[in-house]
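A.B. asks: Sequential numbering of the sequence shown, starting at 261, is according to the working numbering. Even glycine gets a Cβ: it sits at the ideal position worked out from N, Cα and C. Quick one: this structure, given as structure tokens, is what I'll be asking you about.
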Amino acid sequence: MAPATEADLVALAALCAEVEACTLCDLYATRTRAVPGEGDPAADLVFVGEAPGYHEDQQGRPFVGQAGKLLEQLLVSIGLTRQQVFIANVLKSRPPNNRDPRPEEIAACQPYLWRQIALIKPKVICTLGNHATKLLTGNPAGITRVHGRPQAIEIAGHNLYLYPIFHPAAALYTPAMLTTLKEDFLRLPELLAQAAPPAGAAALPVHDVPAGDGPSAPAGAAGDVPAVTPAEAPAAPPAKPEQLGLF
Ligand code: URA
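What follows is the structure in structure tokens.
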């Protein structure tokens, strides 16, 4: 992991200030505080959740509620702390009553996430749940189908592994999902030990917000991930883990 340059640190701080003052979608009117994200500005591992919940909205920090506690325990299971990774969300402002993010909100917020990724340059982005996974894969396949399968992607001009896992909030009260989440999590060190993926994976344009809503985890509160519907397209990652020689 190369240390963040002074220019990157300045750009990240400016981005943070921009998010805190953002009025690009209507959520600014109902939020208490925006939640830009936090962590190591040069982290190899970035987590992307769905949106701030009640506690995050109050504190202006990501994953500080029950789901955050679970995320921290999972990090400990692989020898990491939250200070050693970067934690962000698809939406930087809380949707009222933790409702699902709307496509226009995701589209308005997406450039912030892409800019964060361009500055942090992680080796692995771990998407938590459906909304983050669909946004970053550009594929409507739900988390139930694609969890635990690393995909090589190019995002914001940077080649990295995308690793979708269940959202901790969804796993909190669903023991089978929690077991799977723990198993998927334990494979992260192996992925982090890989060399960066080769260039040539499909780049995701900034405004390529996948249509349709599937199973999702509520922000800041626990909830079930509904069953994957037959209408959902099968996973079509740019490269399968077998092709990548992983797992
Ligand atoms: N759930 C999320 O998706 N993000 C948070 O920051 C907290 C809970």
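Residues in its own chain within less than 6 Å of A368 by CB, not counting five upstream and five downstream?
C.D. replies: Counting only Cβ-Cβ distances below 6 Å, and skipping sequence neighbours, we find L284, C285.
A.B. asks: Within the same chain, show all residues whose beta-carbon is closer than 6 Å to that of L272, passing over the 5 residues directly before and after it, in chain order.
C.D. replies: The residues are P301, L379.
A.B. asks: For P424, count the other beta carbons within 10 Å of its own beta carbon; 16 or more makes it buried, fewer makes it exposed. Which is it?
C.D. replies: By the neighbour-count rule (16 or more Cβ atoms within 10 Å), P424 is buried.
A.B. asks: In chain order, what residues of the same chain lie with their CB nearer than 7 Å to the CB of P465, ignoring the 5 residues before and after it?
C.D. replies: At P465, the pLDDT of 48 sits below 50, so the modelled position is not reliable; the number obtained from the coordinates is stated separately. Excluding positions up to five away in sequence, the list is empty.
A.B. asks: Tell me, which residues are paired with V306 by DSSP?
C.D. replies: Looking at the DSSP assignment, V306 forms a beta bridge with F346, I385.
A.B. asks: Could you tell me how far apart the beta carbons of I385 and V295 are, in whole angstroms, since I believe they sit closer than 8 Å?
C.D. replies: Their Cβ separation, rounded to whole angstroms, is 18 Å, which puts I385 and V295 out of contact at 8 Å.
A.B. asks: Counting Cβ pairs, one atom from each stretch, are 3 or more of them under 8 Å apart for the region 307 to 321 and the region 409 to 420?
C.D. replies: No contact exists between the region 307 to 321 and the region 409 to 420.
A.B. asks: Using the Cα positions of I338 and L446, report the straight-line distance between them to the nearest angstrom.
C.D. replies: Whole-angstrom Cα-Cα distance: 6 Å.
A.B. asks: Out of L420, G408, G460, point me to the one whose CA is closest to E443's CA.
C.D. replies: Selected option, being the one with the closest Cα: G408.
A.B. asks: Considering Cα atoms alone, identify which of L420, T440, Y421, P363 is closest to L395.
C.D. replies: Among L420, T440, Y421, P363, the Cα nearest to that of L395 is on P363.
A.B. asks: Report the start-end ranges of each beta strand (DSSP E) in the region 375 to 454 that is 3 residues or longer and not cut off at the edges.
C.D. replies: Taking only runs of at least 3 residues, the beta strand (DSSP E) segments lying wholly in the region 375 to 454 are 384 to 388, 411 to 415, 418 to 425.
A.B. asks: Kindly indicate which three-state DSSP category D468 falls into: helix, strand or coil?
C.D. replies: Any answer about D468 is weak, because its pLDDT of 43 lies below 50 and its placement is not dependable; what the coordinates show is given next. Coil, per DSSP.
A.B. asks: Take the Cβ of M437 as the centre, count every other Cβ of all protein chains shown within 10 Å, and call the residue buried at 16 or more, exposed below.
C.D. replies: By the 10 Å Cβ count, M437 comes out buried.
A.B. asks: Thinking just about the alpha-carbon of each residue, which of A453, P449, D304 is nearest to the one in V336?
C.D. replies: Here the closest residue by C-alpha is P449.
A.B. asks: Taking only the alpha-carbon atoms, compute the straight-line gap between E298 and V350 and give it to the nearest angstrom.
C.D. replies: The straight-line gap from Cα to Cα measures roughly 13 Å.
A.B. asks: Near R321, what residues of its chain come up, given a Cβ to Cβ distance below 8 Å and the 5 sequence neighbours on each side ignored?
C.D. replies: Same-chain partners within the cutoff: V295, E298.
A.B. asks: Between which two residues does the alpha helix (DSSP H) containing C276 stretch?
C.D. replies: From DSSP, the alpha helix (DSSP H) with C276 extends over 266 to 280.
A.B. asks: In terms of residue numbering, what span does the alpha helix (DSSP H) encompassing S337 cover?
C.D. replies: Counting along the chain, the alpha helix (DSSP H) containing S337 begins and ends at 326 to 337.
A.B. asks: What does a CB cutoff of less than 7 Å around C276 pick up in its chain, not counting 5 residues either side in sequence?
C.D. replies: Once the five neighbours on either side are set aside, the close Cβ partners of C276 are P296.
A.B. asks: Would you mind sorting K381 into buried or exposed? The rule is 16 or more other CB atoms within 10 Å of its CB.
C.D. replies: It is buried - the Cβ of K381 has at least 16 other Cβ atoms within 10 Å.
A.B. asks: Report the partner residues of E298 according to the DSSP bridge assignment.
C.D. replies: In the DSSP output, where bridge partners are listed per residue, E298 has I347.
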